[in-house]
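This report refers to the structure that appears directly beneath it.
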Amino acid sequence: RIPPSLVQLVLRIAVALPFWKSGLTKWDGLFQLSPGAVYLFSSEFKLHLLGHEYAYPLPELVAFLSGLGETALPILLVLGFGTRFAALGLLLMTGVIQLTVPDAWANFHLPWAAMLLAVLSYGPGRISLDALMARR
Numbered sequence: 001r002i003p004p005s006l007v008q009l010v011l012r013i014a015v016a017l018p019f020w021k022s023g024l025t026k027w028d029g030l031f032q033l034s035p036g037a038v039y040l041f042s043s044e045f046k047l048h049l050l051g052h053e054y055a056y057p058l059p060e061l062v063a064f065l066s067g068l069g070e071t072a073l074p075i076l077l078v079l080g081f082g083t084r085f086a087a088l089g090l091l092l093m094t095g096v097i098q099l100t101v102p103d104a105w106a107n108f109h110l111p112w113a114a115m116l117l118a119v120l121s122y123g124p125g126r127i128s129l130d131a132l133m134a135r136r
């Protein structure tokens, strides 16, 4: 039998990885956005709402916040520190990503949402900084 705490750790790592990898592409250095990230949010990415496409408002700010969220929240998730906060943040990001790339729901967004909901429901498990701090 696999210990639930190990399953929870693997779950946190599995859902953090795609966000982390995406986040790394948005930076050219410490807090230096890549030109490609700004380009994507200003020219390529659109919000799909009620059958219409809308440009992202403040694309440079959105690119910065996206890059920050996609790098900081996965670190918190893997460490199990502020785990539910990190999972909720990534779940909200998943919702925005769904509005940007609506055709990817079955292969990407739905599994991400399911894993993040599991983390929100069951918590980080015993192999986490949250659990370590709770024991003190």
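Residue numbers in the sequence shown follow our numbering, run continuously in steps of one, and reach 136 at the last position. For every residue, glycine included, the Cβ atom is placed at its ideal position computed from N, Cα and C. Bear in mind the structure is a predicted one, so any value in this text is a computation, not a measurement.
Original post:
Where does Gly95 fall in DSSP's three states?
Top reply: Look at Gly95 here: in three-state DSSP terms it is helix.
*Any heavy atom of the ligand ZN closer than 7 Å to the Cβ of Leu110?*
Only the bare structure without any ligand can be found here, which leaves the ligand ZN out of the picture.
Query raised in the report: So what does DSSP say about Tyr39, is it helix, strand or coil?
Result: The three-state secondary structure of Tyr39, taken from DSSP, is helix.
### Message
Give the list of continuous alpha helix (DSSP H) stretches no shorter than 4 residues that lie fully inside the stretch 40-105.
### Response
For the alpha helix (DSSP H) assignment, the uninterrupted runs of no fewer than 4 residues enclosed by the stretch 40-105 are, from N- to C-terminal side, 59-79 and 83-100.
Note to self: According to DSSP, Leu33 sits in a beta bridge with which residue or residues?
What the structure shows: As DSSP reads the structure, Leu33 sits in a beta bridge with Trp27.
Can you tell me which of the three DSSP states Tyr13 falls into?
One detail in the question is off: residue 13 reads as Ile in this sequence, not Tyr. Helix at Ile13.
Three-state secondary structure (DSSP) at Arg135? Arg135: helix per DSSP, three-state reduction.
Check: Exposed or buried, which one is Pro124 when buried takes at least 16 other CB atoms within 10 Å?
Finding: When all chains shown are included, Pro124 counts as buried.
Flag this pair as yes or no: are the beta carbons of Ala86 and Leu65 separated by less than 8 Å?
No, Cβ-Cβ distance for Ala86 and Leu65 is not below 8 Å.
message = Within 10 Å of its beta-carbon, does Lys26 have 16 or more other beta-carbons around it, so buried, or fewer, so exposed?
response = Classification for Lys26: buried.
- Query: Which residue from Leu116, Leu58, Lys21 and Leu49 puts its Cα closest to that of Tyr39?
  - Reply: Residue Leu58 is the option with its Cα nearest to Tyr39.
*asked:* Rounded to the nearest angstrom, what separates His109 and Arg135 at their Cα positions?
replied: Computed Cα separation, rounded: 34 Å.
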